[in-house]
Amino acid sequence: MHPGLHRTLLRLFQQLPTPARRRVVRTISPSFTVGSMCFIERADGALLLVEHVYRRRWGVPGGLLERREDPADAALREVREEVGLDVVLVGEPAVVVDPVPQRVDVVYRARVAPGCDPDAAAPRSPEIRSLRWFPPRDLPELQHETAGALVALGRIQGGADDARATAGRAWPRDRPPGDR
Numbered sequence: 001m002h003p004g005l006h007r008t009l010l011r012l013f014q015q016l017p018t019p020a021r022r023r024v025v026r027t028i029s030p031s032f033t034v035g036s037m038c039f040i041e042r043a044d045g046a047l048l049l050v051e052h053v054y055r056r057r058w059g060v061p062g063g064l065l066e067r068r069e070d071p072a073d074a075a076l077r078e079v080r081e082e083v084g085l086d087v088v089l090v091g092e093p094a095v096v097v098d099p100v101p102q103r104v105d106v107v108y109r110a111r112v113a114p115g116c117d118p119d120a121a122a123p124r125s126p127e128i129r130s131l132r133w134f135p136p137r138d139l140p141e142l143q144h145e146t147a148g149a150l151v152a153l154g155r156i157q158g159g160a161d162d163a164r165a166t167a168g169r170a171w172p173r174d175r176p177p178g179d180r
């Protein structure tokens, strides 16, 4: 775009009321879906994985945010809806941006809430075929988003090497780590 035209358009944009500016940005900007994922740990370190009816590999509870929903609230809601557990989020989340499907995942680590029995976890949503607690060193083959999220979470939690090694063993065989 010609620099003079660009400056003129920016001046016009500046004159618009804020709601109109937001509409313009939403109209011309690429859109991404945003979801929350939750790695739930049991006291012995086992991770809760779910088998979705529409996927071939194991994943974690999670899903898309509702309009104006906070990602942490979405993570807690999705866990409750999918596996029937109350959890407490631990530490800071990781954020994974995948530009090809235009998806942003906010990835949390969680523990089962005090007074909540981890063995009470059961599929509560038609999306979930089954669930199981896995020791971190014995994970099944993971959905590629889940494996990537585990590595990202490990990076910010200070255990990137452990997370990469764990996810590497469970990484989908047809999509090696780092391959998008």
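The sequence shown begins at 1 in the UniProt record's numbering and counts up by one.
For glycine and all other residues, C-beta sits at the position ideal for the given N, C-alpha and C.
Buried versus exposed call for residue i [16 or more other C-beta atoms within 10 Å across all chains shown]
i	result
Phe39	buried
Thr146	buried
Leu16	exposed
Met37	buried
Arg7	exposed
Gly154	buried
Pro3	exposed
Val112	buried
Gln143	buried
Arg23	exposed
Leu12	exposed
Val88	exposed
Span of the alpha helix (DSSP H), counted from its first residue to its last, around residue i
i	result
Pro3	Pro3 to Gln15
Asp73	Pro71 to Val83
Leu47	Unbroken run through Leu47 is the beta strand (DSSP E), Leu47 to His52; no alpha helix (DSSP H).
Arg23	Thr18 to Ile28
For residue i, the first and last residue of its enclosing beta strand (DSSP E)
i	result
Gly63	Gly62 to Leu64
Ala94	Val87 to Asp98
Gly35	Thr33 to Glu41
Minimum C-alpha distance to residue i - residue among the options
i	options	result
Ala46	Ala75, Arg109 and Val53	Arg109
Thr33	Leu48, Arg68, Ile156 and Trp133	Arg68
Asp138	Arg26, Ala72, Val95 and Leu48	Leu48
Pro140	Arg129, Asp86, Gly59 and Asp73	Gly59
Val53	Thr18, Val25, Asp117 and Pro123	Pro123
Glu92	Phe13, Val50, Gly158 and Trp133	Gly158
Identity of the residues DSSP links to residue i by a beta bridge
i	result
Gly148	DSSP lists no partner for Gly148.
| task | Jot down the residue ranges of each uninterrupted beta strand (DSSP E) in the stretch 111-137, minimum 3 residues, whole runs only, in chain order. | result | 128-134
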